[in-house]
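Student: As given, the protein sequences belong to chains A and B, one line each in that order. Throughout the first sequence, residue numbering follows the working numbering, covering 1 to 232 in sequence. Throughout the second sequence, residue numbering follows the working numbering, covering 233 to 464 in sequence. Note that the Cβ used here is the ideal one computed from N, Cα and C, for glycine as well. Quick caveat: nothing in here was measured; it's all calculated off a predicted structure. Sharing a structure here in structure tokens format.
Number of protein chains: 2
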Amino acid sequence: MIESLENQKVKYLSKLNTAKYRKKEKRFLIEGKHLVDEARKLGLLEEAFSLDYKDGYTQVSKAVMQKISNTDTVVTEIGLCKMIEKSDLSDHILILDAIQDPGNMGALMRSACAFGYKTIILGNGCVDIYNDKVIRSSQGAIFKINFINANLNEFIPTLKDYKIYGTDVINGEELDNVKNSFKLGIVLGNEGNGISPEVKEIIKENIYIPMDNTESLNVGVAGGIIMYKLRG
Amino acid sequence: MIESLENQKVKYLSKLNTAKYRKKEKRFLIEGKHLVDEARKLGLLEEAFSLDYKDGYTQVSKAVMQKISNTDTVVTEIGLCKMIEKSDLSDHILILDAIQDPGNMGALMRSACAFGYKTIILGNGCVDIYNDKVIRSSQGAIFKINFINANLNEFIPTLKDYKIYGTDVINGEELDNVKNSFKLGIVLGNEGNGISPEVKEIIKENIYIPMDNTESLNVGVAGGIIMYKLRG
């Protein structure tokens, strides 16, 4: 049982609460038995820690758990996972331009996973996906998606055999009339500002979702509707 | 210009940051010029307050604004609105059973407004809709929907001429095969637990959204997809 706050492993794990250190180490933390089980099943778990003595977990004291989890709420299990980065693309891909809200990012991961968008391209300005709020709201979808960080202005033009659609609240083809493609990329933009002007410039076609009385949908909802309609 | 934190109006407004007082007074606060303009246009605004001297606003000091808005972030405009409660039902209604996340509630309001669900029934355990986070994420949709608080066990059986669908991640009719009805009610359940057992018992039919590899969607996304598909 680890009890010392000065333990090197404890110090290491605690530092993983910053995006910078996660990126450097290519490791991140997950909370709760459900996620730990899922990560273990998928071979992504390196070590798990628990307040209780149990199989497959290193036992730690309450003070150590609090230091690792960096939160005041009671966490009983925590897991150390490795990030997996692959460069291969699925046939349907979701391309995110500065999605900033952790809840939206998590919801988009769940929908992407459910509707066959197994690759997500993270453009500049997106929230760090290994942030605890994103992981919590992704409900395990984070383990099943291949994430690629990219500069969208450079990356989108390389997708030569993909049909690429942006989203626009005014212009574009009505979603009901858009046909699915074998290779398809959907671009979603920032919560407040939509797709950035530089990215908009390189996208030739847009989808819009017909709405009454409303200027726009929540981006997580809009993405969910489009991916449901154009399933991979 | 109001400068005193002891001013009776300032004290009154500040108390509206609690759900209990909002309910008693049937008044709530909104933040930002965009929402104030919208509320004024719709006749729901009683008074507006601003840090700057300008038409249509009562000027207040920075300290007063901070006391009213109950936040550390800088708010420049705030509005006092009255709650409107009507008992008439739209032909498509959204029925919410213990939706607790403010972001999900706001996103559901936006989708409901966009897809013609002009009445939302709020069952027990739902987050207070006049909570500042809900209002912010509803993006003005809160002004355009008729909300009714009800005990769902008692209320749903009164909807005799409505087709009522619950949502279920396993059982039910695939959304693609569900036909729209002239009068339709969609029931969505709690983020963690789904529709409560007591409410489930009185619902005869369920919709499910086909998914790969995923246990469930975010409830705001699931609601958005269903309302998009079965527009009012």
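What's the gap between the Cα of B:Met443 and the Cα of B:Ala251?
Tutor: 37 Å
Student: Please state whether DSSP places A:Thr167 in a helix, a strand or coil.
Tutor: strand
Student: Could you give the first and the last residue of the continuous alpha helix (DSSP H) run that contains B:Cys345?
Tutor: Following the DSSP letters along the chain, one finds B:Cys345 inside the alpha helix (DSSP H) bounded by residues Pro334 to Ala346.
Student: Give me whichever residues DSSP pairs with B:Ser428 in a beta bridge.
Tutor: Its beta-bridge partners do not exist; DSSP assigns none.
Student: Let me see if you follow: with CB-CB separation under 7 Å, is B:Tyr253 close to chain A or not?
Tutor: No, B:Tyr253 does not count as interfacial toward chain A.
Student: For A:Arg40, which residues does DSSP report across the bridge?
Tutor: Paired residues: none, contrary to the question.
Student: For the putative contact between B:Phe347 and B:Gly464, defined by C-beta atoms under 8 Å, what is the C-beta separation to the nearest angstrom?
Tutor: Going by Cβ atoms, the distance from B:Phe347 to B:Gly464 rounds to 6 Å, so yes, they are a contact pair.
Student: Whether or not the segment 303–311 of chain B and the segment 422–438 of chain B are in contact is what I'm after, with contact meaning three or more pairs of Cβ atoms, one per stretch, closer than 8 Å; do they touch?
Tutor: The count of Cβ pairs closer than 8 Å, one atom from the segment 422–438 of chain B and one from the segment 303–311 of chain B, stays below three, leaving the stretches out of contact.
Student: Taking the alpha-carbon positions, what's the A:Pro157 to A:Lys204 distance?
Tutor: 11 Å
Student: So the candidates are A:Leu108, A:Asp101, A:Ile135 and A:Phe155; which of them puts its Cα closest to the Cα of A:Glu38?
Tutor: Taking each of A:Leu108, A:Asp101, A:Ile135 and A:Phe155 in turn and checking the Cα distance to A:Glu38, the smallest one comes out for A:Ile135.
Student: Got a sec: is the Cβ-Cβ distance from A:Val221 to anything in chain B below 7 Å?
Tutor: Yes, contact with chain B.
Student: Of all the CB atoms in chain B, is at least one closer than 7 Å to the CB of A:Asp212?
Tutor: Yes, because at least one Cβ of chain B sits closer than 7 Å to the Cβ of A:Asp212.
Student: Quick check: the segment 277–286 of chain B against the segment 323–342 of chain B, are at least 3 beta-carbon pairs closer than 8 Å?
Tutor: no
Student: Since B:Ser343 meets chain A, which of its residues come closer than 7 Å, beta carbon to beta carbon?
Tutor: Leu217 and Val221
Student: Can you give me the start and stop residues for the alpha helix (DSSP H) that B:Leu245 sits inside?
Tutor: Gln240 to Lys247
Student: Counting only Cβ pairs nearer than 7 Å, list the residues of chain A close to B:Lys376.
Tutor: Here the neighbours are Asn213.
Student: State the CB to CB distance for the pair A:Leu108 and A:Gly189, rounded to an integer number of angstroms; the pair is presumed to be in contact (CB under 8 Å).
Tutor: At roughly 12 Å, the Cβ-Cβ gap does not stay under 8 Å, so A:Leu108 and A:Gly189 are not in contact.
Student: Which residues, taken in chain order from the segment 114–128 of chain A, show a beta carbon closer than 8 Å to some beta carbon of chain B?
Tutor: Ala114, Phe115 and Gly116
Student: Indicate whether at least one CB of chain A lies closer than 7 Å to the CB of B:Ala339.
Tutor: yes
Student: Look at the Cβ atom of A:Lys169, then the Cβ atom of A:Ser111, and state whether they are nearer than 7 Å.
Tutor: The residue asked about is misnamed: residue 169 of chain A is Val in this sequence, not Lys. With respect to the 7 Å criterion, A:Val169 and A:Ser111 are not classified as neighbours on the basis of their beta carbons.
Student: For A:His92 and A:Asp101, what's the separation of their Cα atoms in angstroms?
Tutor: Whole-angstrom Cα-Cα distance: 23 Å.
Student: Please say whether A:Gly172 and A:Val187 have beta carbons closer to each other than 7 Å?
Tutor: no
Student: Counting only C-beta atoms, is A:Tyr228 closer than 7 Å to chain B at any point?
Tutor: yes
Student: Can you give me the Cβ contacts of B:Glu235 inside the same chain, cut-off strictly under 6 Å, excluding the 5 residues immediately before and after it?
Tutor: If the five residues before and after B:Glu235 are omitted, its C-beta is found closer than 6 Å to the C-beta atoms of Ser293, all from its own chain and listed in chain order.
Student: Considering only the beta carbon of each residue, do A:Lys144 and B:Asn336 sit closer than 7 Å?
Tutor: no
Student: Decide if A:Ala48 is buried, meaning its Cβ has at least 16 other Cβ atoms within 10 Å, or exposed.
Tutor: buried
Student: Once you ignore the five residues that flank A:Asn153 on each side, which residues in its own chain have a CB closer than 8 Å to its CB?
Tutor: Only Glu198, Val199 and Ile202 meet the Cβ criterion.
Student: Terminal residues of the continuous beta strand (DSSP E) containing B:Arg254?
Tutor: Looking at the DSSP string, B:Arg254 is not in any beta strand (DSSP E); the run it does join, the alpha helix (DSSP H), is Ala251 to Glu257.
Student: So, helix, strand or coil for A:Ser69, using DSSP?
Tutor: helix
Student: Could you tell me how far apart the beta carbons of A:Asp161 and A:Lys179 are, in whole angstroms, since I believe they sit closer than 8 Å?
Tutor: Not quite, the Cβ-Cβ distance comes to about 16 Å (not below 8 Å), so this is no contact.
Student: How long is the line joining the alpha carbons of A:Tyr228 and B:Lys461, rounded to whole angstroms?
Tutor: 10 Å
Student: Determine which residues of the segment 323–336 of chain B have a Cβ less than 9 Å from any Cβ of chain A, and write them out in chain order.
Tutor: Asp333, Gly335 and Asn336
Student: Between which two residues does the beta strand (DSSP E) carrying A:Glu77 extend?
Tutor: It spans Glu77 to Lys82 - the beta strand (DSSP E) in which A:Glu77 sits, taken as one unbroken run.
Student: Just how far apart, CA to CA, sit A:Lys41 and A:Cys81?
Tutor: 12 Å
Student: By Cβ distance, which residues of its chain are closer than 6 Å to A:Leu13, with the 5 residues on each side in sequence left out?
Tutor: Closer than 6 Å at Cβ, skipping near neighbours: Ile68.
Student: Let me know the alpha helix (DSSP H) ranges lying completely inside the segment 367–417 of chain B, each 4 residues or longer, listed in chain order.
Tutor: 384–387
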